[in-house]
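Trainee:
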Amino acid sequence: MKITKLGHSCLLVEEAGARILVDPGAFSAWDDLDGLDAVLVTHQHFDHVVPDKVQGLLDRNPGAQLVVDPGTAEVLGQQGVQGAKVLGAGETVDVKGVEVRGSGRDHALFHEDAGTIPNTGYLIGGRLFHPGDALTVPDFAVEVLAVPVVAPWSSIRETIDFVRAVGAGTVFPIHDAIIVEGARPIYDDTVEGLGLQGKGRFLRIDGEPLEV
């Protein structure tokens, strides 16, 4: 499996001949991609999907499946984007022989007084887990974890507990475009030291694809 981070929470995953794009949002560089077999969207926030650009992405990749959470399906439908497959917790879809499994239901809460939206995390190829904007611990083993290291809906304490609970052998940071580059090592070092506790490897893969 080859994992390329295209910025923030956007990943290009290449596995067994399949090319899968996850969360093509506003803070990421994905506009010119082609040869895709699937586009996965965890939830409807603009940093994870740009609704008015999705049809253009699909037009450039006519063979790509569009797999989304329930909330994003509704938003894209309003934009005239049809044919999205809604994936919920425990449901699966096959992408050229690579299984994608849904996990979780809700976006993490910003505050108890605020509502929430749907969020589907994805286990890709039985190995890589992209949780979207949620820290819901999956009910399956995870080999490689893309962890949101900083967000307005989480604390570093929650992130550390999530990494410990998931127990992945390889962890790399996502959801980090909202902080200046110089501050990223603060979050990385904290999550690596207190989250992994020497029991796995933490890698920053910006500009350097990860092969596992």
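So that you can map any letter, position 50 of the sequence shown is 50 in UniProt numbering, and since no number is skipped, the others follow by simple counting. Cβ atoms here follow ideal geometry from the backbone N, Cα and C, with glycine treated the same way.
#1: Within 10 angstroms of its Cβ, does T92 collect 16 or more other Cβ (buried), or is it exposed?
#2: Provide the residue span of the beta strand (DSSP E) that contains A146, from first to last.
#3: Would you mind reading off the limits of the beta strand (DSSP E) that contains K199?
#4: From H48, R105, D59 and P173, pick the residue whose C-alpha is nearest to that of T120; which is it?
#5: Looking at the structure shown, is D69 part of a helix, part of a strand, or coil, going by DSSP?
#6: What are the start and end residues of the beta strand (DSSP E) that includes K5?
#7: Less than 8 Å between C-beta atoms, sequence neighbours within five positions excluded: which residues of the same chain meet that for F129?
#8: E112 by DSSP, collapsed to three states: which one?
#9: By how many angstroms is the C-alpha of E211 removed from the C-alpha of M1?
#10: By Cβ distance, which residues of its chain are closer than 6 Å to L40, with the 5 residues on each side in sequence left out?
#11: Compare the C-alpha of residue 225 against each of G71, T42 and G35 and name the closest.
#12: Hey, how far is the Cα of R60 from the Cα of G182?
#13: On the DSSP letters alone, give me the boundaries of the beta strand (DSSP E) that L21 sits inside.
#14: Residues in the same chain with beta-carbon distance under 7 Å from V95, minus the five sequence neighbours each way, listed in chain order, please.
#15: What's the gap between the Cα of D133 and the Cα of H43?
#16: Under the three-state reduction of DSSP, which class applies to P185: helix, strand or coil?
#17: Run through the DSSP bridge pairs and tell me what R101 is partnered with.
Mentor: In short:
#1: exposed
#2: V144 to P148
#3: Premise fails: K199 is in no beta strand (DSSP E) and is neither H nor E.
#4: R105
#5: coil
#6: K2 to K5
#7: S103, G121, Y122, L123, P138, V142, V144, L145, A146, V166 and A168
#8: coil
#9: 6 Å
#10: V22, V67 and Y122
#11: Residue 225 falls outside the range modelled here, since the chain spans only 1 to 212, and no answer is possible.
#12: 35 Å
#13: A18 to V22
#14: A18, I20, D37, A38 and Q65
#15: 8 Å
#16: helix
#17: T92 and L123
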